[in-house]
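**Q**
Protein chains in written order, with this note's numbering: chain A, 195 to 310; chain B, 760 to 874.
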């Protein structure tokens, strides 16, 4: 079975604080993909990043960074110097290699509130 | 490219009514999917398609029907609406192939309220 757990339901920070969103996953596939999506208050789902299971390099994109650790089945997302515009619900998702059609297993989401 | 489009944006139905949620994409993606989003549950897969004429069930298919006659369109039909189908519905599409990881791109969503 495949599962994604985002244990943090809500996080509230003050602008300029760093914040880490946790994601833990379960899969029996040896090859899989992990994703993060952002859902701002307007409601759309915005793709942020994809990670392959065979590439454990961490990635940084501006204020965003991702820490993929296969040993702990985690794919955590850090926002450095948070801004009010980062306020959104963030979803972590998993696709097993054999999941036909690109279909995703989503976590429950973490609602991030960044206060000025 | 318009990407993935969905209509309507918002709909109110009475219990027992039927309706079709429309989804279209102009990226020539092979794969399309329907998800529903409910509070505290993330997104759950309803149905998906790997190409025109081919559909399959996801995690929560009951009460929904799909068909895919063209690459571009993937409508979702509610056969007899129930209050439990009150949700936000997202359509997604992705390109087949390892190089893209089959990353899914989502439409803006349809908010459905069943009274």
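All residues carry an ideal CB built from backbone N, CA and C; glycine is no exception. Quick caveat, the model's predicted, so the values are computed rather than measured.
What residues are listed by DSSP as bridge partners for residue 832 of chain B?
**A** The sequence position of residue 832 of chain B within the second chain is 73, counting from 1. DSSP, once it has assigned bridges, lists B/783 as partnering residue 832 of chain B.
**Q** Which residues in chain B have a C-beta closer than 8 Å to the C-beta of residue 289 of chain A? List them in chain order.
**A** The sequence position of residue 289 of chain A within the first chain is 95, counting from 1. Near residue 289 of chain A (Cβ distances below 8 Å), the residues of chain B are 860 and 861.
**Q** DSSP puts residue 248 of chain A in a beta bridge; with which residues?
**A** Walking along the first chain from the start, residue 248 of chain A turns up at place 54. Looking at the DSSP assignment, residue 248 of chain A forms no beta bridge with any residue, so it has no partner.
**Q** Which same chain residues end up closer than 6 Å to residue 870 of chain B when comparing Cβ atoms and leaving out the 5 residues on each side of it in sequence?
**A** Taking the first residue of the second chain as 1, we reach residue 870 of chain B at position 111. Hits under 6 Å: 769 and 847.
**Q** Alpha carbons only, please: which of B/835, B/845 and B/857 is nearest the one belonging to residue 792 of chain B?
**A** Mapped onto the second chain, residue 792 of chain B falls at position 33. When only C-alpha atoms are compared, the closest one is B/835.
**Q** In whole angstroms, what is the alpha-carbon distance linking residue 287 of chain A and residue 279 of chain A?
**A** Start at 1 with the first residue of the first chain, and residue 287 of chain A comes out as number 93. Start at 1 with the first residue of the first chain, and residue 279 of chain A comes out as number 85. Taking the straight line joining both Cα atoms gives about 22 Å.
**Q** Against chain B, with Cβ distances strictly below 7 Å, would residue 303 of chain A count as a contact?
**A** Counted from its first residue, the first chain places residue 303 of chain A at position 109. At least one chain B Cβ lies under 7 Å of residue 303 of chain A.
**Q** Under 7 Å, Cβ to Cβ, is there at least one residue of chain A near residue 802 of chain B?
**A** Indexing the second chain from 1 puts residue 802 of chain B at position 43. Closer than 7 Å: yes.
**Q** How would you list, in chain order, the residues of chain A whose beta-carbon sits under 8 Å from the beta-carbon of residue 843 of chain B?
**A** Reading the second chain from its first residue, position 84 is the one you call residue 843 of chain B. Under the 8 Å cutoff, chain A gives no residues; its nearest Cβ is about 19 Å from residue 843 of chain B.
**Q** Who are residue 304 of chain A's beta bridge partners in DSSP?
**A** Sequence index remark: in the first chain, residue 304 of chain A carries index 110 (1-based). Partner(s): A/284.
**Q** Decide if residue 139 of chain A is buried, meaning its Cβ has at least 16 other Cβ atoms within 10 Å, or exposed.
**A** With chain A covering only 195 through 310, there is no way to say anything about residue 139 of chain A.
**Q** Measure from the alpha carbon of residue 832 of chain B to the alpha carbon of each residue in B/862, B/784 and B/845, then state which is nearest.
**A** Counted from its first residue, the second chain places residue 832 of chain B at position 73. Among B/862, B/784 and B/845, the Cα nearest to that of residue 832 of chain B belongs to B/784.
**Q** Output, in chain order, the set of chain A residues within a Cβ distance shorter than 8 Å of residue 867 of chain B.
**A** Looking up residue 867 of chain B in the second chain gives position 108. What residue 867 of chain B touches in chain A: 237 and 238.
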